[in-house]
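Student: Take 7 as the starting number for the sequence shown in the numbering used here and just add one per residue.
Think of the CB as a built atom: it goes at the ideal place given N, C-alpha and C, for glycine as much as any other residue.
My structure is below; once you've seen it, I'll send some questions.
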Amino acid sequence: MSGSKNGPRPPAEVLLAAPRGFCAGVRRAIDAVTDALVAHGPPVYVRRAIVHNLAVVADLERLGAVFVEEIDAVPPGAVIVLSAHGVTPAVAAAARRRGAVVYDAVCPLVAKVHREVERHRRDGRHVVLIGHAGHPEIVGTLGRIASGGATLVRAAADVAALPFGAGEPLALAVQTTFSVDDAAQVVEALRERFADLAEPPASDICYATHNRQAAVRAIAERADAVVVVGADFSSNAARLGEVARERCGAVQLVADGEGLDWDLLPARGGVIGLTAAASTPEASVRDVVRALRQRYRVTLSEHRAAVETRRFRKVRVGAAAQPRAAA
Ligand code: SF4
7 MSGSKNGPRP PAEVLLAAPR GFCAGVRRAI DAVTDALVAH GPPVYVRRAI
57 VHNLAVVADL ERLGAVFVEE IDAVPPGAVI VLSAHGVTPA VAAAARRRGA
107 VVYDAVCPLV AKVHREVERH RRDGRHVVLI GHAGHPEIVG TLGRIASGGA
157 TLVRAAADVA ALPFGAGEPL ALAVQTTFSV DDAAQVVEAL RERFADLAEP
207 PASDICYATH NRQAAVRAIA ERADAVVVVG ADFSSNAARL GEVARERCGA
257 VQLVADGEGL DWDLLPARGG VIGLTAAAST PEASVRDVVR ALRQRYRVTL
307 SEHRAAVETR RFRKVRVGAA AQPRAAA
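Right under this line is the structure:
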């Protein structure tokens with residue numbers, strides 16, 4: 007365990023990764039809920055976690071948002087917001103039948119992947135989707151493709167098992183929050199095995215995932231321990247942990263300062279890397295820094311891997327939106 011509250015505190019150099027925390031898609035989804043609450047008044051129903059972070063969900067609940075697992079838990083005629091991860095067309099249709107007004111807060115970069123896979127199917131290509139089974143984004147993307155039109159793969163080893171000939175017309179798509187390094191290996195394996203493989207014009211892995219993974223990679227190389235702040239059910243938080251683990255032996259994923267495992271931090275002081283998933287509010291990072299200050303004499307410095315200027319147009323809410331409109 008590190009220096010106690012009563013004993014002398016050892017020094018710790020805390021390297022803050024930048025960019026970290028909220029991306030443009032997460033901000034847009036949270037704004038859609040708060041704007042809907044202002045425009046319509048509470049309650050506003052949200053299907054599943056609007057973004058994968060319990061602190062964000064709790065903040066929105068305090069304002070009057072009600073989170074439900076499925077649309078049939080929403081009272082008829084209510085205001086509904088669909089999450090940033092995207093939904094299947096069947097869920098969107100169920101929401102439109104149920105709600106008086108439906109706002110779709112799907113991230114524009116997820117919606118771009120939806121359009122790509124739909125185009126590939128129209129072109130007669132079987133879609134090989136690289137992603138994690140059961141993740142809401144993957145469920146939403148697969149839901150755009152008729153049964154038998156797509157195959158999900160996770161690792162390069164899965165490519166050998168694909169039941170297609172070398173000349174079969176295929177297309178690849180990638181979960182926006184997938185590991186950049188792992189995706190590159192799968193794509194390489196697909197290129198080696200298949201001659202007619204349509205690829206996205208630009209990476210499906212979004213700018214925020216690229217930048218956060220690059221930033222944590224840079225600090226993990228210099229750190230004795232790395233703390234990733236995020237929810238344990240967040241895909242992009244898990245990927246940040248994996249990237250850090252390739253370069254540092256002591257990595258932990260925590261929701262806030264209370265969750266810190268002091269046994270994974272340097273007892274006599276040292277260098278601690280700190281980052282946050284795209285769905286993690288900065289308040290949770292500050293909470294971790296506060297907890298670290300109780301055990302260490304902390305010096306903080308920020309290490310920027312990229313400058314982010316991307317903003318998405320807001321979801322049109324209230325009078326600005328058409329009844330039953332999707333953004
Ligand atoms: S992580 Fe990427 S795809 Fe997901 S909401 Fe943020 S910008 Fe959009």
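Would you check if the distance between the CB atom of Val133 and the CB atom of Val112 is smaller than 9 angstroms?
Tutor: Locating residue 133 in the sequence shown gives position 127, counting from the first residue. Locating residue 112 in the sequence shown gives position 106, counting from the first residue. Contact flag unset, no.
Student: Could you say which of Arg197, Ala161, Ala152 lies nearest to Glu174 if we only look at CA atoms?
Tutor: The sequence position of residue 174 within the sequence shown is 168, counting from 1. Ranking the options by Cα distance to Glu174, first place goes to Arg197.
Student: So Ser307 is in the beta strand (DSSP E); what residue range does that whole segment cover?
Tutor: Your numbering for residue 307 matches position 301 in the sequence shown. Unbroken beta strand (DSSP E) run through Ser307: 303 to 310.
Student: Does the structure place the stretch 66 to 78 close enough to the stretch 41 to 49 that three or more beta carbon pairs sit under 8 angstroms?
Tutor: Flag = yes, the stretch 41 to 49 and the stretch 66 to 78 touch.
Student: Let me know if Ala35 comes out buried or exposed under the rule of 16 or more other beta-carbons within 10 Å of its beta-carbon.
Tutor: By one-based count along the sequence shown, residue 35 stands at place 29. Flag for Ala35 reads buried.
Student: Hey, is the stretch 213 to 233 in contact with the stretch 268 to 284, meaning 3+ C-beta pairs nearer than 8 angstroms?
Tutor: Taking 8 angstroms as the limit for Cβ pairs, the verdict is that the stretch 268 to 284 does touch the stretch 213 to 233.
Student: How would you call Thr215, buried or exposed, if buried means at least 16 neighbouring beta carbons within 10 angstroms?
Tutor: As a working mapping, residue 215 is identified with position 209 in the sequence shown. The residue in question, Thr215, is buried, as its Cβ has 16 or more Cβ neighbours within 10 Å.
Student: If you follow the beta strand (DSSP E) that Arg53 is in, where does it begin and where does it stop?
Tutor: In the sequence shown, counting from the first residue as 1, residue 53 sits at position 47. Per DSSP, Arg53 belongs to the beta strand (DSSP E) from 50 to 53.
Student: Between the stretch 79 to 89 and the stretch 104 to 123, do at least 3 Cβ pairs fall closer than 8 angstroms?
Tutor: In short, these stretches touch, since the Cβ pair count reaches three.
Student: Hey, does Arg292 have any beta-carbon neighbour from chain B nearer than 9 angstroms?
Tutor: The question asks about chain B, but that chain is absent: this structure has only one protein chain.
Student: With DSSP as the reference, label Ala331 as helix, strand or coil.
Tutor: Numbered from its first residue, the sequence shown carries residue 331 at position 325. At Ala331 the pLDDT is 40, less than 50, meaning the model places this residue with poor confidence and gives no usable figure here.
Student: Could you check what DSSP says for Ile343 in three-state terms: helix, strand or coil?
Tutor: The chain is shown only over 7 to 333; residue 343 falls outside these bounds and no answer can be derived.
Student: For the pair the stretch 154 to 164 and the stretch 187 to 197, tell me if three or more CB-CB distances fall below 8 angstroms.
Tutor: Judged by Cβ distances under 8 angstroms, the stretch 154 to 164 makes contact with the stretch 187 to 197, as three or more pairs qualify.
Student: Considering only the beta carbon of each residue, do Arg245 and Ala177 sit closer than 9 angstroms?
Tutor: Position 239 of the sequence shown, counted from the first residue, corresponds to residue 245. Position 171 of the sequence shown, counted from the first residue, corresponds to residue 177. Cβ distance not < 9 angstroms, so Arg245 and Ala177 don't count as in contact.
Student: For Asp238, which residues from the same chain have a beta carbon less than 8 angstroms from its beta carbon, with the 5 sequence-adjacent residues on both sides left out?
Tutor: Your numbering for residue 238 matches position 232 in the sequence shown. Answer for Asp238: Ala244, Leu259, Ala261, listed in chain order.
Student: Could you tell me which of Val257, Val97, Ala311 sits nearest to Gly279, measuring between CA atoms?
Tutor: What you label residue 279 is simply residue 273 of the sequence shown in a count that begins at 1. If we check each option's Cα against that of Gly279, Val257 comes out closest.
Student: What residues does the ligand SF4 have around it, judged by CB closer than 6 angstroms to any heavy atom, in chain order?
Tutor: My final list is Cys29, Ala30, Gly31, Val32, Ala90, Cys113, Leu115, Val116, Thr182, Thr183, Cys212, Ala214, Thr215, Asn242, Ala284.
Student: Looking at the secondary structure, which residues open and close the alpha helix (DSSP H) in which Gly247 lies?
Tutor: Working through the sequence shown from its first residue, we reach residue 247 at position 241. 241 to 251 is the span of the alpha helix (DSSP H), which, as asked, contains Gly247.
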